[in-house]
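Sequential numbering from 1139 applies to the sequence shown in the working numbering. Just so you know, even glycine gets a beta-carbon here, dropped at the ideal spot from N, CA and C.
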Amino acid sequence: MKNLKMYEPSDKMITLIKDNYSVLQALGSFGISLGFGDKTVNETCQLNGVDTYTFLTVINFTINGYGDFENDEQISVPTLLHYLKASHTYYLDFQLPFIRRELQESIVPQDPLGQLIMRFYDEYAQEIRRHMKYEEKTLFPYVQSLLDGRPMNDYNIDTFSKHHDSTDKKLRELKLMMIKYLPSDAHSNNKMTATLYDIYNNEEWLRQHAEVEDHIFTPAIKRLERLTKQEDVSKNISSMVFKGGQDNGEALSDRERDVIIGVVQGLQNKEIADHLCISVNTVITHRRNIARKLQIHSPAGLTIYAIVNGLVDISSVKL
């Protein structure tokens, strides 16, 4: 059953944990250590260098299971990236080996069926590891490249393909086999029950991890991609305007500048030719050279160039 309470920065961190002990697993992934006393969520996050808004976004989402993050510009991508990386480390380096040890201890030695179940678990663990390592080698470096302002051109968040369904299916099969087909004595049964309980808890953890990626992380990266593209366009425009957009350092000739002024004034090629006492073909050649040098092909673009570079006065331009 969902908690339905939305926690705020002023709430005590200890209260949040008392209400939802599952939050304990998330604290380490955010880089928050125990021993925070009676500090609030905001105080604890600030003490550990964690973005409070992003922390509460993830926590409230995993507790209550709902939220609209498509246009949430306050979410910190670096904080999310750190959280997901640390979550992988926790699961791969601690949780998977821990459950394997539990499972091994709960199986009757030399039981052939038990050994088959161990092999099944190892296959499941390998599949989880492969999925998370893919993210670490491909997705996470891509996100970091966006944050660094050097986006990788051969990747985007839409190509990020998850395989949660297949791993969930394998885990469900493992649980059913343990419940249905592993006879044991009372002592082994207690161990098996405890192991199953941990597996169920970690199944829920994996589900929440996948939903954070799908519903919070992926929309945040899409916004970052859009922002990066907008910045690239702005840089290109600035380059054209303030550096003249010249190709290989080629400067405009005086005649080319005259042609630009004519275009800005709304004159046709023949009118420009008559005004400058040159042929129409020569005007067309000048316009081709202008487009090549400036990488500007529209009259509107040439108008902006002419105004910024002082070829015409903005008051004389018909907008």
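Checklist entry - Over what stretch of residues does the alpha helix (DSSP H) that includes Val1215 continue unbroken? => result Val1215 to Tyr1228
Next on the checklist: Do Val1418 and Ala1411 count as a contact pair if the criterion is CB distance below 8 Å?
Outcome noted: yes
Item to check | Cβ neighbour criterion (16 or more within 10 Å) applied to Ala1332 | outcome: exposed
Next on the checklist: Is there a Cβ of chain C sitting closer than 8 Å to that of Ile1337, yes or no?
Outcome noted: You won't find chain C in this structure, because it holds only one protein chain.
Checklist entry - Grouping DSSP H, G and I as helix and E and B as strand, with all else coil, what is Lys1431? => result helix
Checklist entry - Which term fits Gln1346, buried or exposed, when burial requires 16 or more other beta carbons within 10 angstroms of its beta carbon? => result buried
Checklist entry - Under a Cβ-count criterion, where at least 16 other Cβ atoms within 10 Å of its own Cβ denotes burial, should Gly1400 be classed as buried or exposed? => result buried
Checklist entry - Thinking just about the alpha-carbon of each residue, which of Ile1155, Gln1212, Gly1404 and Asn1198 is nearest to the one in Asp1189? => result Gln1212
Checklist entry - Beta carbon of Leu1312, beta carbon of Gly1252: below 8 Å? => result no
Next on the checklist: Please state the DSSP three-state secondary structure of Lys1099.
Outcome noted: In this structure the chain extends from 1139 to 1457, so residue 1099 is not present and cannot be described.
Checklist entry - Is Lys1408 helix, strand or coil by DSSP? => result helix
Item to check | For Cys1183, the first and last residue of its enclosing alpha helix (DSSP H) | outcome: Val1179 to Leu1185
Next on the checklist: By alpha-carbon positions, which one of Tyr1280, Gly1203 and Tyr1228 ends up nearest to Gly1169?
Outcome noted: Tyr1228
Next on the checklist: Taking the straight line between their C-alpha atoms, what separation do you get for Ile1266 and Ala1429?
Outcome noted: 54 Å
Item to check | Assigned exposure category for Phe1236 - 16 Cβ within 10 Å defines buried | outcome: exposed
Item to check | Separation of Glu1181 from Ile1295, as counted between CA atoms | outcome: 33 Å
Checklist entry - Is the Cβ-Cβ distance between Leu1344 and Met1316 less than 8 Å? => result no
Item to check | Anticipated Cβ contact below 8 Å, Ile1434 with Tyr1443, distance rounded | outcome: 6 Å
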